[in-house]
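These notes concern the structure reproduced below.
Numbering (the numbering used here), first residue to last: 9 to 65.
See below:
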């Protein structure tokens, strides 16, 4: 993966959000699957944090 500056990340993020918004308006389900995917990633990260905090005890 290429290294990006913070400004490039911001541009890429804004571009991605706009693209998904357009897809959502058109009714394409890719935008909804992105939200579900994000939720799954967030849940994995939270469970990993919980696991690390319990592991030491």
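Built from N, CA and C at the ideal position, the CB exists for glycine as well.
{"query": "CA-to-CA distance, residue 11 to residue 44, given in whole angstroms", "result": "27 Å"}
{"query": "For residue 31, the first and last residue of its enclosing alpha helix (DSSP H)", "result": "14-34"}
{"query": "Any non-hydrogen atom of the ligand SAM closer than 8 Å to residue 34 Cβ", "result": "In the structure on display, the ligand SAM does not appear, and there are no ligands present to speak of."}
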